[in-house]
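Visitor: Let me begin by handing over the structure; questions about it come next.
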Amino acid sequence: MAKHYTREHEWVSVSGTVATVGISDHAAHELGDITFVELPQAGKSVKQFDILAAIESVKAASDIYSPLSGKVIEVNSRLDDAPELVNQSAEDAGWICKLEASDLGEVGALMDEAAYQEFVQGLV
Amino acid sequence: MGYSPNTPEEIREMLAAIGAGSVEELFSSIPRELRAKSFDLPPGLSEFELMGIMREKASTGGCGITPFIGGGLYDHFIPAAVDHLSSRAEFYTAYTPYQPECSQGTLQALFEYQTAICRLTGMEASNASLYDGGTAVAEAALMAFRITGRHQVVLDESVNPFYREVVRGYLASVAEQVVEVAPLGYGSDFDMLSGTVTGETAAIIVQNPNFFGTVEDFAALAEKAHQHGALLIVCSYPVALGLVKSPGEMGADIAAGEGQSLGNHLSFGGPYFGFITTLKKYIRNLPGRIVGETIDKDGQRGYVLTLQAREQHIKRQKATSNICSNQSLCALRGMIFTAALGRKGFEELAALNYDKAEYARGVLSAIDGVSVINAGTTFNEFVLSLPKPAAPVVERLLPFGVAAGLPLGSYYPEMENTLVVTVTEKRTKTEIDRLASLLQEALWS
Amino acid sequence: MELIYEKSVPGRTGVRIPVADIPRTTGGFPAGLRRFEPAAFPEVSELDLVRHYTNLSRRNFSVDTNFYPLGSCTMKYNAKVMENAAALFAGCHPVVALLPGGEKLVQGPLSLVWELERQLAEITGMDEVTTQPLAGAHGEMTGIMLIAAYHKARGQKRKYVIVPDSSHGTNPASAAMAGYEIVTIPTAPYGDMDLDAYRAAMNDQVAAVMMTCPNTLGLFNPYIAEICRIAHEAGALTYYDGANLNAILGKVRPGDVGFDVIHVNLHKTFGTPHGGGGPGSGPVGVRAGLIPYLPTPRVVKKDDGSFAVEAHPEGIGRVSDFFGNFGIMVRAFGYITLLGREGLIEVSEQAVLNANYLMARLKEEYDLPFDQTCMHECVFSAARQAKEGIHAIDIAKYLIDRGFHPPTVYFPLNVKEAIMIEPTETESKQTLDSFIAVMIEAARCAKESPQELKDAPITTPVGRLDETRAARALQVCCE
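Taken in order, these protein sequences are the chains called D, W and E. Just so we're aligned, residue 34 is where the first sequence starts under this note's numbering, counting upward by one. Just so we're aligned, residue 3 is where the second sequence starts under this note's numbering, counting upward by one. Just so we're aligned, residue 659 is where the third sequence starts under this note's numbering, counting upward by one.
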């Protein structure tokens, strides 16, 4: 399914009720070389826009906010040993975690790809 | 006057380049009403007069006294090379090595320090120093909060009372509970400590040797803590670790303490350094600066500050600690000290401390009515029980140039008749024998 | 260069330790309490040791060897006489002061603590000072703990501490350690905290506002008294971060402006050495209403003129183990005493003159986001050079090749490509002129031969280091 984005540069892609979450290519580029991803605990429940995880580069640290409400059902444990995956493939192999989404209606509060691209253009 | 070199002529040239009429004009952005209402200080002095004042102050500095006191600070021998090397201006007039290419001296020395303190405590990861013993133990407790997500600690009362005060202050606004457990026989009350740890406990904090000088094995307590998902924090005295089982060998999760005994002068309370070491898996939870190894673009080995994203200058209120400046130069002294003594020398230093203290235990407990009352083994300190309150006895011996020990009554009211006696390798047999005869006289004549 | 551990040879010994004059009994130490393996410290000769650390020291830039205009750090000259003075106290055991009757034996050091506190109180316009905090950030945390105690005594539990976004990271971090949530206020176009946003954020749940003045842009905030007044009206207290006190010595006193709690950095303003990252010292000053909460113990002067150590039971407890970083305090006391009133005023005047001179001479070549008279430091931006692909860090590395320690780069965060220069008052016009010449050259290189900047430094023992690798493949001690 098509991706949706937050103003904090997370993306989410929903399949059924399972939502895959990551940070955008733009955010990964801005952070520089990622050195660490603090993954959430599986089983953790979050509300939309709550802090879900955290990410660090050499000179920056940033929180990752949850695009949707739900419960963490899987984390991308490859990032433990290879945080650089986020730089290489932020919107695919560098996904952060999967949520069992509790309210798909919340997608309405997010931007679609075109709107996000426009939003990013406006930041520069 | 001061250390400003510019001549009046140069000042005029500089003002002209700026386009200002006077130096005072540069301060014109400061509203009149905000100007200093007073600045009442005496005129300056030359070095000559200043050193006169300093000598006078130092002459009543208690430096002439023979200290049989510790309290976490120890009168150890310091090789001359430690003073000379740490006095290299390239070390002491540099600052935080933010630009690694022109700070490899400090960075490599701190990497060597981190290695030394890990080897000494039997742990896997160290930072580049903290402030002092008390704040290091407090930071260790905060670190345990972050690791476990819990906010209660069990604090053994045989931990240095100064450290416990600092810990209580640091934890006041963040801890749910600090449970203090009274000592037993001048050692840890293992049953009580084990009984107090629960699924809510972030860490148990113990000290080895403890404030009374008693040496114990906390391996079983570490296991007990781990069963409940809690950590064990061991506060250590570095010189003792030349002989005594290390925190790592006991299964501790964090070791912390005061580094003064590694080559730092007593200096009336500082500067010294705090140390903290842990297991590799907890490294991201360490507070403060950490030096890491890497390579340059040609593959040459070099050192940088690493994991800076944990620190306040990047993570602000979410940092692992607020610490910025640490006690780097004191840690460097610690490193040079361990290298000057070396593997064998350090072991011999610890052995000598133990032997001198054992000798003192013997001669002091031979005095009528006096006994050593630690239930267990001691290292270079022990508790002496007197037939009367200890404080007046210690006071009576001061005019003889001897600080006989630290009376415990001020810190543990029920221990009025006791004092902790400290015997480092610097106390000679003659000094120990003299202490014994002065004590004999103070008690019985 | 090899690590000292790599120079180690089993069986080689260094310094001899004192001779045993008592029977040897170590054999009797219980096996169960004994460590399994000796700590693997290096086994080197004394000459190996001396050569190793002497050569290591030569791989550092330092104030004594290089101009070191690291913004916000006040890298001034550290007078040698202070090292001699501090050495006089090396053997004093602080526990002597805590023994019954012990104070009599340490009147000198106690008087020094007391007198330094008086000097700092007069310099900052505060009523009382504690020297216990061991560094600037430690002072901040102590100060916020004092503020929390003050509110608590009034039956209030306020939740927030306000900081400007240009503040040092230690401000929010220290307030968070003392249990507060942080409200960050953006910078207004004039270069300091947005007054309207601040006013809107102030309410009866705010415990304190923390200000650095002059701020990290080197600007004196014209609304500083107003900021204090707004806080006090809401029952909040005001905290002054003394990191930049060097700019206003003798000109402005935080206490006169309306600050309730302050800290000063002895290792910045008062000329004590920075030690490669510490030790520093961060004494805290307070207004009279906060004296009851100061940490224990206090050094007091009695009616008979003698000095004593007194418990301070109502206070926030103990923030460090003894009387603070005493050796650093000796140096600062010496510095203030030696310079005296006129000398200290000269410090701020010459520091501000030097900074403005640098600013005037460099503003053709570099963008100056806030073009106005600065105080002790000025902040340029390499934004113009960045358009050509040359960043502040490249200019910094080029300066190293030319023998200058770089200014602070990438801070403050609210200036893109920041280059923050603090020359201090102890540098001569000649030194500034040679630095200016190299900065101008760097700007020219950025246009004409950018690769030279990208390749720098080439004169150092190592080239640019891979910080990403250091963080990903962590190695923090030698195996």
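Even for Gly, the Cβ is constructed at its ideal location relative to N, Cα and C.
Using Cβ-Cβ distances below 9 Å, what residues of the region 92-109 of chain W are close to chain E?
Guide: E92, F93, Y94, T95, A96, Y97, T98, P99, Y100, Q101, P102, E103, C104, S105, Q106, G107, T108, L109
Visitor: Beta strand (DSSP E) containing K59 (chain W): first to last residue?
Guide: It is not in any beta strand (DSSP E) - K59 (chain W) instead sits in the alpha helix (DSSP H) that spans 49-61.
Visitor: Can you list, in chain order, the residues of its chain whose CB lies under 7 Å from that of A1050 (chain E), leaving out five sequence neighbours each side?
Guide: A1040, V1067, Y1068, E1075, A1076, I1077
Visitor: Figure out for me which residue from W:L264, W:P102, W:E202, W:G271 has the closest Cα to the Cα of N718 (chain E).
Guide: W:P102
Visitor: First and last residue of the alpha helix (DSSP H) that includes A1046 (chain E)?
Guide: Note on residue identity: the sequence assigns Glu, not Ala, to residue 1046 (chain E). It is not in any alpha helix (DSSP H) - E1046 (chain E) carries neither H nor E in the DSSP assignment.
Visitor: Starting from W44 (chain D) and walking both ways along the beta strand (DSSP E), at which residues does that stretch end?
Guide: 43-48
Visitor: Of all the beta strand (DSSP E) runs that stay within the bounds of the region 364-425 of chain W, which reach a length of 3 or more residues?
Guide: 383-387, 420-424
Visitor: Looking at A333 (chain W): is its Cβ nearer than 8 Å to the Cβ of I256 (chain W)?
Guide: Using a Cβ distance threshold of 8 Å, A333 (chain W) and I256 (chain W) do not count as a contacting pair.
Visitor: For a contact defined as C-beta to C-beta under 7 Å, what are the partners of A94 (chain D) on chain W?
Guide: A311, I316, K317
Visitor: Determine, for T1126 (chain E), whether the minimum Cβ-Cβ distance to residues of chain D falls below 8 Å.
Guide: T1126 (chain E) counts as touching chain D.
Visitor: How would you list, in chain order, the residues of chain C whose beta-carbon sits under 9 Å from the beta-carbon of S90 (chain D)?
Guide: Judged by its chain identifiers, the structure shown contains no chain C, and its protein chains are D, W and E.
Visitor: In three-state terms, what does DSSP make of E786 (chain E)?
Guide: strand
Visitor: What are the partner residues of H921 (chain E), as DSSP defines its beta bridges?
Guide: E:D899, E:V942
Visitor: From the DSSP output, in three-state form, read off C1136 (chain E) for me.
Guide: Coil at C1136 (chain E), not helix or strand.
Visitor: Determine whether the Cβ of R999 (chain E) lies closer than 8 Å to any Cβ atom of chain D.
Guide: no
Visitor: Along chain E, in chain order, which residues have C-beta atoms closer than 7 Å to that of D66 (chain D)?
Guide: The answer, in chain order, is T1126.
Visitor: Using a threshold of 8 Å, state whether the C-beta atoms of I207 (chain W) and V155 (chain W) are closer than that.
Guide: yes
Visitor: Looking only at C-alpha atoms, which of E:G672, E:T1031, E:F965, E:P955 sits nearest to P971 (chain E)?
Guide: E:P955
Visitor: What is the rounded straight-line gap between the Cα of R363 (chain W) and the Cα of F384 (chain W)?
Guide: Taken atom to atom, the span from the alpha-carbon of R363 (chain W) to that of F384 (chain W) is near 8 Å.
Visitor: Measuring alpha carbon to alpha carbon, tell me which residue in D:K36, D:E107, D:H62 is nearest S90 (chain D).
Guide: D:H62
Visitor: Spell out whether any CB of chain D is found under 8 Å from the CB atom of R1130 (chain E).
Guide: yes
Visitor: Going by CA-CA distance only, name the one from E:P830, E:A836, E:P700, E:N861 that's closest to T870 (chain E).
Guide: E:P830
Visitor: Have a look at the DSSP bridge pairing and note the partners of N873 (chain E).
Guide: N873 (chain E) pairs with nothing; no bridge assigned.
Visitor: Does the region 325-345 of chain W come close enough to the region 268-280 of chain W that 3 or more CB-CB pairs lie under 8 Å?
Guide: Touching, yes.
Visitor: Leaving out five residues before and five after L804 (chain E) in sequence, what residues of the same chain have Cβ atoms less than 8 Å from its Cβ?
Guide: V919, V942, V944, L948, Y951, L952, I974
Visitor: Within its chain, find whatever has a CB closer than 8 Å to the CB of C731 (chain E); leave out the 5 residues flanking it on each side and keep chain order.
Guide: K926, H932, T1066, E1080
Visitor: Could you pull the start and end residues of the alpha helix (DSSP H) that T322 (chain W) belongs to?
Guide: Careful: T322 (chain W) lies outside any alpha helix (DSSP H) and carries neither H nor E.
Visitor: May I ask you to report which of helix, strand or coil DSSP gives G797 (chain E)?
Guide: helix
Visitor: Name the residues in the region 115-132 of chain D whose C-beta lies less than 8 Å from a C-beta of chain E; which are they?
Guide: P116, E117
Visitor: So, does the CB of D962 (chain E) fall closer than 8 Å to a CB anywhere in chain W?
Guide: no
Visitor: So for R312 (chain W), helix, strand or coil by DSSP?
Guide: helix
Visitor: Which same chain residues, not among the five before or five after D191 (chain W), have their C-beta less than 7 Å away from its C-beta?
Guide: Excluding residues within five positions, the ones whose Cβ falls inside 7 Å are V183, A184, P185.
Visitor: Provide the residue span of the beta strand (DSSP E) that contains K36 (chain D), from first to last.
Guide: Residues 36-38.
Visitor: Leaving out five residues before and five after H59 (chain D) in sequence, what residues of the same chain have Cβ atoms less than 7 Å from its Cβ?
Guide: H42, V153
Visitor: Please report how far the alpha carbon of C120 (chain W) lies from the alpha carbon of A254 (chain W), in whole angstroms.
Guide: 13 Å
Visitor: Can you tell me where the beta strand (DSSP E) with M1078 (chain E) in it begins and where it stops?
Guide: 1076-1079
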